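Below is one structure, written out as structure tokens, with a few remarks after it.
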Amino acid sequence: METQDRLIWRDGNFIQWGDATVHILSQSLQRGTLAFDYISVHETRQGPAIFKLREHMERLVATCHLGSLPLSYSASEMCDAAVATVRRNPDAKSIKISALIPSLEVDVIPQDATVSVLIAAYDGEVDIIAKNKGEYHRAPNLKLFIEKEKRNRRKDIMPAQAKIAANYASPMTAKWKARRAGYDEIVLLDEDGFVAEAPTSNIFIVTPDGTLKTPPEHKILHGITRASILELAAARGIDVMTEDLLPTDLLSAAEVFLTATSAGVWPVESINNQAIGKGVAGEITLALKSHLNRITQGLDKKFNHWLTYVIKSAS
Ligand code: PMP
């Protein structure tokens, strides 16, 4: 499908890809109040399948609540809309749902607080990366940098649980700086110096005795892949703990990996230029990565309820 032929759901109707725009003076663009979520679509033998659709839509509802955005759709309505959007956009690999205030503003408080919802289903590589000149950086195993100057968002400003545009401005500048210094990704600390998360992923370590550990929920975005890995690891008989971690816990770990919808399980090979374990993807990391891949391909019946199959419409 050609990019310009893709259809984007906007408030109950489908519009052309090129028409999904907002005015430069819109409230969400000027003040960072866009709430969003990113969902993956996988090719399976039974057709396209959306990973943990309901959980993502519930997180969007929670984000709108934290950001005081008066959303007028329920999670169920947005699930139905997402399925319809995937059906209209063959070969889509990603769904991005955005809830924003499009009205023009002169104050931080919108005059017209009507929230508009848009759902795009697309293939990031074909529709976006291939059409942009810039190089897209994606390492198979990550060189991580522990960012100490910029802390993870403070809960008295906008909680880390909100997936809202404003929360990404500070991590973006820190990640950009680290990228220029030769790292792939950064890990952010909380205000007390404990490990929080990466700009768009959660972090796990495997201790030398084989325990899987990840920071607790109150300081991070509630990653859907993180919750999936916690459940999966427990089902595989791995000891799992959520607890505060120090940067030194990362450096002395046997394995470290990140999790995100966009990347699944992402092995870390070094932190601050120091090798983690043998400096390659660890055994437990790879086992969880391939198990999650099997699930998203619809090949593990026990976890089939994590997928929403999109039955193609008869044409
Ligand atoms: N933390 C942040 C700040 C994120 O933006 C993301 C990406 N949504 C994650 C963690 C990982 O969450 P998920 O597994 O739901 O993609």
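Take the sequence shown: its letter number 207 is residue 357 in the numbering used here, and every next letter is one higher.
By construction, the Cβ of each residue, glycine as well, lies at the ideal position given by its N, Cα and C atoms.
Source: prediction; values computed, not measured.
* Asked: What's the C-alpha gap between residue 277 and residue 196?
  -> Cα to Cα, residue 277 sits roughly 24 Å from residue 196.
* Asked: Going by other Cβ atoms of all chains shown within 10 Å of its Cβ, with 16 needed for buried, is residue 349 buried or exposed?
  -> Counting Cβ neighbours within 10 Å, residue 349 comes out buried, since at least 16 surround it.
* Asked: Hey, residue 366 and residue 347: beta-carbon distance below 8 Å or not?
  -> No, Cβ-Cβ distance for residue 366 and residue 347 is not below 8 Å.
* Asked: Taking 7 Å as the line, does the beta carbon of residue 366 fall inside it for any heavy atom of the ligand PMP?
  -> Taken from the Cβ of residue 366, every heavy atom of the ligand PMP lies 7 Å or farther away.
* Asked: Are the Cβ atoms of residue 351 and residue 416 separated by less than 8 Å?
  -> Taking the C-beta atoms as reference points, residue 416 is found nearer than 8 Å to residue 351.
* To do: Give the DSSP-derived three-state secondary structure of residue 227 in the structure shown.
  => Collapsing the DSSP output to three states places residue 227 in a helix.
* Nearest residue (CA-CA) to residue 385, options 404, 332, 405 and 441 -> Checking every option, the nearest Cα to that of residue 385 belongs to 441.
* To do: Say yes only if the C-beta of residue 374 is nearer than 7 Å to one or more non-hydrogen atoms of the ligand PMP, and no if none qualify.
  => Correct: residue 374 has its Cβ closer than 7 Å to the ligand PMP.
* Asked: In three-state terms, what does DSSP make of residue 290?
  -> Correct three-state label for residue 290: coil.
* Boundaries of the beta strand (DSSP E) in which residue 114 is found, first to last residue -> Within the shown structure, residues of the chain are numbered from 151 to 465, placing residue 114 beyond reach of any answer.
* Three-state secondary structure assigned by DSSP to residue 168 -> The DSSP-derived three-state label of residue 168 is helix.
* Does DSSP put residue 186 in a helix, a strand or coil? -> Under the three-state reduction of DSSP output, residue 186 falls in the strand class.
* Going by other Cβ atoms of all chains shown within 10 Å of its Cβ, with 16 needed for buried, is residue 177 buried or exposed? -> Residue environment: residue 177 is assigned as buried (16 or more neighbouring CB atoms within 10 Å of its CB, all protein chains considered).
* Asked: With contact counted as at least three CB pairs below 8 Å, one residue from each stretch, are the stretch 268-285 and the stretch 232-247 in contact?
  -> Contact holds: three or more Cβ-Cβ distances are below 8 Å.
* Looking at C-beta atoms only, is the number of pairs between the stretch 210-224 and the stretch 164-175 that lie closer than 8 Å three or more? -> Segment contact: the stretch 210-224 against the stretch 164-175, fewer than three CB-CB distances shorter than 8 Å; contact not assigned.
* Would you call the CB atoms of residue 443 and residue 414 closer than 8 Å? -> Less than 8 Å divides the Cβ of residue 443 from the Cβ of residue 414.
* **Residue range of the unbroken alpha helix (DSSP H) whose run includes residue 204** => Per DSSP, the continuous alpha helix (DSSP H) segment holding residue 204 begins and ends at 203-216.
* Just to confirm, does residue 438 get its C-beta within under 7 Å of one of the non-hydrogen atoms of the ligand PMP? -> Look at residue 438: its beta carbon is at least 7 Å from all of the heavy atoms in the ligand PMP.
* To do: Flag residue 352 as yes when its Cβ comes closer than 7 Å to any non-hydrogen atom of the ligand PMP, and as no otherwise.
  => Yes, the ligand PMP has a heavy atom inside 7 Å of this Cβ.
* Asked: Quick one: is residue 403 buried, meaning 16 or more other Cβ sit within 10 Å of its Cβ, or exposed?
  -> The residue is buried, with at least 16 neighbouring Cβ atoms inside 10 Å.
* Asked: Does the distance from the C-beta atom of residue 354 to that of residue 379 stay below 8 Å?
  -> With respect to the 8 Å criterion, residue 354 and residue 379 are classified as neighbours on the basis of their beta carbons.
* Taking C-alpha atoms, which residue in 335, 446, 311 and 185 lies nearest to residue 288? -> For the set 335, 446, 311 and 185, the Cα lying nearest the Cα of residue 288 is the one of 335.
* Environment of residue 358 [buried if 16+ CB atoms lie within 10 Å] -> Taking all protein chains in view, the Cβ of residue 358 is surrounded by fewer than 16 other Cβ atoms within 10 Å, so the residue is classified as exposed.
* Within 10 angstroms of its Cβ, does residue 206 collect 16 or more other Cβ (buried), or is it exposed? -> With 16 or more other Cβ atoms inside 10 Å of its own Cβ, residue 206 counts as buried.
* To do: Compute the Euclidean distance between the alpha carbons of residue 462 and residue 193, then round it to the nearest angstrom.
  => Here the C-alpha atom of residue 462 lies approximately 12 Å from the C-alpha atom of residue 193.
* Same chain, Cβ closer than 7 Å to residue 317, neighbours up to 5 away in sequence not counted -> Contacts found: 303 and 308.
* **Pair within 8 Å by beta-carbon distance, residue 430 and residue 291** => In contact: residue 430 and residue 291 (Cβ atoms closer than 8 Å).
* Of all the options 188, 419 and 314, which has the alpha carbon lying nearest to the alpha carbon of residue 213? -> For the residues 188, 419 and 314, the minimum Cα distance to residue 213 belongs to 314.
* To do: Following the continuous beta strand (DSSP E) through residue 266, name the residue where it begins and the one where it ends.
  => Per DSSP, residue 266 belongs to the beta strand (DSSP E) from 266-272.
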